[in-house]
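Contents: one structure, followed by commentary.
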Amino acid sequence: MLERFLTLPAPIMGTIAAILVVFAVVLPAAMFMVLWERIFLGKLTQRPGPNRVGPRGLLQTAADALKLLSKEDFDPKNADHALFYWAPVFFMLPSFLVYAVVPFGKFGGSYGPALISDLRVGLFFIVAVFSIHTVAIMMAGWGSNNKYSLLGGIRGVAQAISYELPLVFSFLGVILLTGSLSTVRIVEAQSGGVWNWYIVAQPVAFLVYLVCSIAEVNRVPFDIPEAESELVSGYNTEYSGMRFAMFFLAEYASLFATSAIAVTVFLGGWTAPFPEPAVITQSPLGYFVWSAFWFAFKVFGLITLAIWIRGTLPRLRADQLMNFAWKFLVPVVLANVFATGLLGFVVKSGNGLGSWWPVALGTWLALGGWLVLGWATAPKAERRKVAY
Amino acid sequence: MNVMARTFRGAKAIAEGMYTTLKHVRRPQVTINYPEQRPELAPAFRGLPSLPPDHEGKHTCIGCNLCARVCPPQCITISSQKGEDRKIQVTDFVVDANLCIMCGLCEEVCPVNNTLDKSDHPGSAIQLSHLYEMSSYTHEGLMFHLPQLVEIGRQFGRSVSPDLAGKAGTVHYAAASDWKDAK
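For the record, the sequence lines run as chains A and B. Read left to right, the first sequence gives residues 151 to 538 (this note's numbering). Read left to right, the second sequence gives residues 9 to 191 (this note's numbering).
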């Protein structure tokens with residue numbers, strides 16, 4: 151077995167190794183994130199968070215997983231069994247498939263970036279794969295044969311379809327500037343420091359992506375498919391034990407995935423926020439550790455931001471959710487694509503890095519002007535009179 | 009309001025909210041890690057009624073039955089008999105903690121005004137103590153009789169000792185088993 155593995159061509163061996171690394175990293179990372187979410191939410195609400203199992207509560211998620219594993223694999227009598235059984239699998243699938251094209255580091259010197267497969271249509275692959283979530287939510291909602299699950303499933307599908315559109319369009323500006331769908335090319339175009347990151351050139355797209363990615367993974371404030379207080383827990387009401395654990399873990403794995411995508415597309419991927427010295431970039435393993443650290447650091451920051459948002463904002467109403475997506479995000483992101491095309495190619499200033507400064511200038515001016523105009527035209531909030 | 013003003017309002021509101029939640033990260037926790045940490049009880053905390061002992065170590069109840077009559081859930085039962093000196097002797101005093109609502113009416117109505125053990129402040133014969141841990145697997149375990157009530161008053165009574173007032177909850181946990189054994 152080992153001999154046959156070792157005689158495989160180098161690219162295939164590298165791919166298999168990368169797949170193993172991704173699984174070995176993503177699963178514990180998702181478990182760690184569940185714990186970090188609970189601890190940070192606790193801090194935001196002046197609570198200690200989990201602190202009983204293991205040193206400082208570090209084993210809490212492991213204990214939870216063990217408990218869920220040991221529970222009965224229960225399915226409702228009148229459920230559509232095939233759909234019910236396969237929904238968690240399909241829910242988990244895209245969260246892991248996405249990592250195939252997310253570069254999580256780079257080996258120094260003449261070695262390439264560390265990722266499973268550098269597809270030339272990487273971003274397209276991400277978008278396509280991530281839509282599988284929607285199918286899984288509908289499968290779970292329909293297969294459970296429960297009105298709350300079905301409502302949650304329908305809400306989830308409506309939301310996913312609405313927010314997928316601005317999400318995809320938010321990539322378009324970056325794709326225009328890079329001239330490629332390859333994630334590696336996109337990251338390489340952002341190397342050299344924080345001023346080269348696409349968040350500088352595409353702040354509007356980044357904000358739209360942030361909103362849409364939170365909606366895509368059904369987190370607060372866009373958690374109406376689950377909405378504990380209204381729908382019990384939405385499409386996963388009927389799930390328990392390991393199947394529920396798969397839903398739960400996949401939610402965090404997909405949050406991890408959307409954060410990794412945001413880092414890749416907008417926050418410079420594996421590159422450091424300052425020009426990297428040649429000593430580091432020339433060392434094969436040293437640069438891998440260095441770049442993987444920066445990638446993980448940025449992903450962790452974005453996840454913490456998502457938790458912070460969860461600790462702050464209340465849930466949107468279903469109609470507000472739809473209005474926000476279709477009447478605000480879609481026009482804004484279309485305008486962003488238009489402006490990027492206009493400023494990046496009509497008012498073009500040479501090739502190479504920094505050629506997109508008109509885009510950055512125009513977008514930031516538009517964003518600032520929008521807010522200033524809003525500040526100027528907003529009616530003064532009336533001080534509420536309180537009768538004592 | 010136009011869409012720009014609404015965007016500004018929304019962005020401002022979200023920024024304010026995010027700042028508010030972030031401020032709370034640095035604030036002290038309100039949660040108490042219960043078995044290890046104890047709440048600081050207010051001096052007038054209303055726990056289980058008890059019969060704090062006087063300087064001679066005896067309860068000061070005169071068996072007048074006023075507390076039993078005023079008790080809304082009727083959780084107090086007093087057994088008494090006339091002694092040889094024709095004074096009423098309390099033979100048993102039962103507080104049923106299954107029923108007690110810790111309202112403190114018994115303490116208010118009590119006509120006794122004695123100086124109690126280790127205290128120069130006079131107090132009622134029945135007083136709400138600072139005891140709040142009395143879980144039991146049986147209903148019988150929540151029937152507190154005279155010796156137990158005196159012991160609870162000695163340990164957890166709030167006017168018993170001024171330096172214990174408001175801190176009865178910090179009494180060492182092991183001491184709490186004593187009143188259960190008191191016969």
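Yeah, the Cβ is synthetic: ideal placement off N, Cα and C, and Gly gets one too. Just so you know, these numbers come straight off a predicted model, no measurement behind them.
Against chain A, a Cβ distance below 9 Å from residue 46 of chain B picks out nothing, because the smallest value is about 16 Å.
Assigned with DSSP and collapsed to three states, residue 110 of chain B falls in coil, not helix or strand. Inclusion of residue 54 of chain B and residue 112 of chain B in the CB contact set at 7 Å is warranted, their separation being smaller than that value.
In chain A, no part has a C-beta under 9 Å from the C-beta of residue 68 of chain B; the shortest such distance is about 44 Å. Residue 18 of chain B has a beta carbon lying at 7 Å or more from every beta carbon in chain A.
Straight across, the Cα-Cα distance linking residue 464 of chain A with residue 440 of chain A is about 38 Å. Note on geometry: alpha-carbon atoms of residue 344 of chain A and residue 515 of chain A lie some 19 Å from one another. For residue 152 of chain B, DSSP records a beta bridge to B/103.
Interface flag for residue 432 of chain A against chain B is unset, since no Cβ pair is found closer than 7 Å. Per DSSP, the unbroken alpha helix (DSSP H) holding residue 459 of chain A starts and ends at 434-462.
With a 10 Å radius around the Cβ and a threshold of 16 neighbouring Cβ atoms, residue 469 of chain A comes out exposed.
Residue 196 of chain A has a beta carbon lying within less than 7 Å of a beta carbon in chain B. In this model, residue 79 of chain B and residue 114 of chain B are separated by some 6 Å (Cα to Cα). At a C-beta separation below 7 Å, residue 23 of chain B has no neighbours in chain A, since its nearest C-beta there lies roughly 10 Å away. DSSP, reduced to helix, strand and coil, places residue 136 of chain B within a strand of the structure shown.
Counting only Cβ-Cβ distances below 7 Å, residue 10 of chain B has contacts in chain A at 527, in chain order.
Look at residue 448 of chain A: its C-beta is not under 7 Å from any C-beta on chain B. Residue pairing from DSSP places residue 97 of chain B in a beta bridge opposite B/89. Looking only at A/426, A/311, A/317, A/287, the smallest Cα-Cα distance to residue 385 of chain A is reached by A/287. When CB distances to chain B are screened at a threshold of 7 Å, the residues of the region 451-464 of chain A falling below it are 458, 461, 462, 463, in chain order.
Residues of the region 513-526 of chain A whose Cβ lies closer than 7 Å to any Cβ of chain B, in chain order: 520, 521, 523, 524, 525.
Counted as a single uninterrupted DSSP element, the stretch harbouring residue 384 of chain A is not any alpha helix (DSSP H), since DSSP gives it neither H nor E. For residue 84 of chain B, the pairing in a beta bridge is given by DSSP as B/103. By alpha-carbon distance to residue 462 of chain A, the top candidate from B/33, B/16, B/15 is B/33.
Contact note: residue 39 of chain B reaches chain A through 197, 198, using a C-beta cutoff of 7 Å and chain order. In the structure shown, the three-state DSSP call for residue 256 of chain A is strand.
Contact of residue 15 of chain B with chain A is assigned, a C-beta pair being separated by under 7 Å.
Think of a sphere of 8 Å around the beta carbon of residue 193 of chain A: the chain B residues whose beta carbon falls inside it are 32, 33, in chain order. For the pair of segments examined, the region 451-462 of chain A was found to touch the region 402-416 of chain A: the number of CB pairs separated by less than 8 Å reaches three.
The C-beta distance from residue 137 of chain B to residue 58 of chain B rounds to 4 Å, short enough to meet the 8 Å contact threshold. Beta-bridge annotation (DSSP): residue 58 of chain B is paired with B/135. In the displayed model, residue 375 of chain A falls within coil according to three-state DSSP, outside both helix and strand. The Cβ of residue 26 of chain B sits closer than 7 Å to at least one Cβ of chain A.
Apart from sequence neighbours up to five positions away, the residues of its chain that approach residue 486 of chain A with a beta-carbon distance below 6 Å are 323, 354, 355, ordered along the chain.
For residue 99 of chain B, no chain A residue has a Cβ inside 7 Å of its Cβ, as the nearest lies near 47 Å away. Counting only runs that start and end inside the region 207-262 of chain A, the alpha helix (DSSP H) elements of at least 4 residues fall at 210-219, 231-247.
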